[in-house]
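Okay, structure first, notes after.
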Amino acid sequence: MVHWTAEEKQLITGLWGKVNVEQCGAEALARLLIVYPWTQRFFASFGNLSSPTAVLGNPMVRAHGKKVLTSFGEAVKNLDSIKGTFAQLSELHCDKLHVDPENFRLLGDILIIVLAAHFAKDFTPECQAVWQKLVRAVAHALARKYH
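Numbering (this note's numbering), first residue to last: 500 to 646.
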């Protein structure tokens, strides 16, 4: 279990309250698919992902990005039970979807970039450190079924 101080929780929830889940989720997933094109193999049903323009304009990428970041919001709501919160998603991604767990870490790193771009003034080094801790905890929870 990850330990969170009251200050860390405040930094997380304070920034999360400003996040547009639809916009940031779509951007994060699109960046993942563009920067790490091998991740596209898990999204073959999304249609045209042949170029950055196609990825950015793809409505299925936008919708799934929102879904992913909405799910990430569950970690924010359940900071003291992240592993339990993501137990079913870990099982799905391991047993059914066969997603490489390294992709969870990559997406976490992308989310950090998106948050920094959208909230530059608020995204201090202290805030980044806490969010880095959070995305690592989520990636670890999602990879739990693999171990």
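Virtual Cβ for every residue (Gly too), placed ideally from N, Cα, C.
Of the residues V518, Q522, E573 and Y535, the one placed nearest V637, counting alpha carbons only = Within the sequence shown, residue 637 is the residue found at index 138, counting from 1. Taking only the C-alpha atoms, the option nearest V637 is E573.
Quick one: residues in its chain with C-beta nearer than 7 Å to the C-beta of N557, no 5 flanking neighbours on either side, listed in chain order?
-> In the sequence shown, residue 557 corresponds to position 58, counting from 1. Once the five neighbours on either side are set aside, the close Cβ partners of N557 are F545, G546, N547 and L548.
Is it buried or exposed for K517, if we count other Cβ within 10 angstroms and need 16 for buried?
-> Here residue 517 is taken as the residue at index 18 of the sequence shown, counted from 1. It is exposed - the Cβ of K517 has fewer than 16 other Cβ atoms within 10 Å.
For the stretch 512-559, list the alpha helix (DSSP H) runs that are entirely contained and at least 4 residues long, ordered along the chain.
-> 520-534 and 551-556
Alpha-carbon to alpha-carbon, D621 and N519 | As a position in the sequence shown, residue 519 is number 20, starting the count at 1. As a position in the sequence shown, residue 621 is number 122, starting the count at 1. Taking the straight line joining both Cα atoms gives about 15 Å.
DSSP on A638, reduced to helix/strand/coil?
-> The residue given as residue 638 occupies position 139 in the sequence shown. Reduced to three states, the DSSP call for A638 is helix.
With a cut-off of 8 Å, do at least 3 Cβ pairs link the stretch 623-634 to the stretch 505-512?
-> yes
Rounded distance between the beta-carbons of V560 and A525, thought under 8 Å = For the purposes of this step, residue 525 is taken as residue 26 along the sequence shown, with counting starting at 1. For the purposes of this step, residue 560 is taken as residue 61 along the sequence shown, with counting starting at 1. Going by Cβ atoms, the distance from A525 to V560 rounds to 7 Å, so yes, they are a contact pair.
Just reading off the alpha helix (DSSP H) that A615 is part of, what are its end residues?
-> If you number the sequence shown from 1, residue 615 lands on position 116. Taken as a continuous stretch (DSSP letters only), the alpha helix (DSSP H) holding A615 covers E601 to H617.
K566 and E521: beta carbons closer than 7 Å?
-> Stepping through the sequence shown from its first residue, residue 566 is reached at position 67. Stepping through the sequence shown from its first residue, residue 521 is reached at position 22. Result no, Cβ atoms of K566 and E521 do not sit closer than 7 Å.
So which of V613, L531, T504 and N602 has the shortest CA-CA distance to P551?
-> The residue you call residue 551 lines up with position 52 of the sequence shown. Selected option, being the one with the closest Cα: L531.
Given G607, which residues of its chain have a CB within under 7 Å of its CB, disregarding the five upstream and five downstream residues?
-> Indexing the sequence shown from 1 puts residue 607 at position 108. Hits under 7 Å: V634, R635, V637 and A638.
Under 7 Å, do I575 and W503 count as touching if we go by C-beta distance?
-> Along the sequence shown, read from residue 1 onward, the residue named residue 575 stands at position 76. Along the sequence shown, read from residue 1 onward, the residue named residue 503 stands at position 4. Per the sequence shown, residue 575 should be read as Val rather than Ile. Going by C-beta atoms, V575 is not nearer than 7 Å to W503.
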